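For reference, the structure is listed below as structure tokens.
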Amino acid sequence: MGLFSIFSRFERAENSDWSYYSAKKLTKRTELYLAEINKSRYGKSGKYLFYSENRNLLLKLGKRLIVTFGLPEFKVSKKYRNDVSHSKEFVLCVYDFFPDFINMMKNYSNKNVSFSGWKSNAQTLKSYEAKYQERYLQKY
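According to the working numbering, the stretch in the sequence shown is residues 10 to 149, in order.
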């Protein structure tokens with residue numbers, strides 16, 4: 010399969026912080042993911058997290074995981090992670106509706122890419138809420 014055919018299978022969007030990729034073809038797993046995130050803002054959906062100093066490796070890995078597992082979408086940071094001071098790592102978030110593939114994702118960890126695990130949307134939203142609440146309390 011040529012390089013063009015691999016890249017033509019993805020929709021791409023950008024903002025100043027992230028590059029977003031989603032599969033053009035809807036798989037059954039993507040339909041389940043969309044149904045889950047539409048249930049509530051917390052739901053069971055979430056993301057597998059990978060870190061690397063090499064952003065291009067994360068882009069290639071994200072595309073490979075979407076194709077291999079039929080996952081709906083991923084994003085890669087354009088800036089170094091901000092949750093660890095002085096970090097020189099980029100973040101890959103591969104979205105799914107449930108962490109079914111967590112054991113298989115560990116196999117993609119190597120000396121250049123580290124797999125951090127699964128983080129649910131509920132965990133992400135709670136950490137954002139706590140962060141913004143703390144900022145609000147510091148102001149007043």
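Where a beta carbon is used, it is the ideal one built from N, C-alpha and C, also for glycine. Source: prediction; values computed, not measured.
{"Asked": "So, with DSSP's three-state summary, where would you put VAL122?", "Found": "coil"}
{"Asked": "Near LYS115, what residues of its chain come up, given a Cβ to Cβ distance below 6 angstroms and the 5 sequence neighbours on each side ignored?", "Found": "PHE124"}
{"Asked": "Please check the pair TYR30 and TYR104, which I expect to be a contact at CB under 8 angstroms, by giving their CB distance rounded to whole angstroms.", "Found": "Going by Cβ atoms, the distance from TYR30 to TYR104 rounds to 10 angstroms, so no, they are not a contact pair."}
{"Asked": "Can you tell me where the alpha helix (DSSP H) holding GLY55 begins and where it ends?", "Found": "It is not in any alpha helix (DSSP H) - GLY55 instead sits in the beta strand (DSSP E) that spans 55 to 61."}
{"Asked": "Between PRO81 and THR39, how many whole angstroms is the CB-CB distance? I'm expecting something under 8 angstroms.", "Found": "4 angstroms"}
{"Asked": "Kindly list the residues whose CB is nearer than 7 angstroms to the CB of SER86, restricted to its own chain and excluding five residues on each side of it in sequence; keep chain order.", "Found": "ASP26, TRP27, PHE99 and VAL100"}
{"Asked": "Can you look up ALA104 in the DSSP assignment and give me helix, strand or coil?", "Found": "Ala is not the amino acid found at residue 104; the sequence shown has Tyr there. Reduced to three states, the DSSP call for TYR104 is strand."}
{"Asked": "Grab me the residues of LEU68's own chain with a C-beta within less than 6 angstroms of its C-beta, minus the 5 sequence neighbours each way, in chain order.", "Found": "VAL85"}
{"Asked": "Considering just the uninterrupted stretch of the alpha helix (DSSP H) at LYS69, what are its terminal residues?", "Found": "64 to 78"}
{"Asked": "Would you kindly report the start and end of the unbroken alpha helix (DSSP H) that includes ASN112?", "Found": "111 to 114"}
{"Asked": "Between the beta-carbon of LYS56 and the beta-carbon of CYS102, is there less than 7 angstroms?", "Found": "yes"}
{"Asked": "Just to check my reading of the structure: GLU20 and LYS33 have Cβ atoms closer than 8 angstroms, yes? What is that Cβ distance to the nearest angstrom?", "Found": "6 angstroms"}
{"Asked": "Hey, would you say PHE78 sits closer than 7 angstroms to PHE110, going by beta carbons?", "Found": "yes"}
{"Asked": "Tell me which same chain residues have a C-beta within less than 6 angstroms of the C-beta of GLU62, skipping the five on either side of it?", "Found": "LYS97 and GLU98"}
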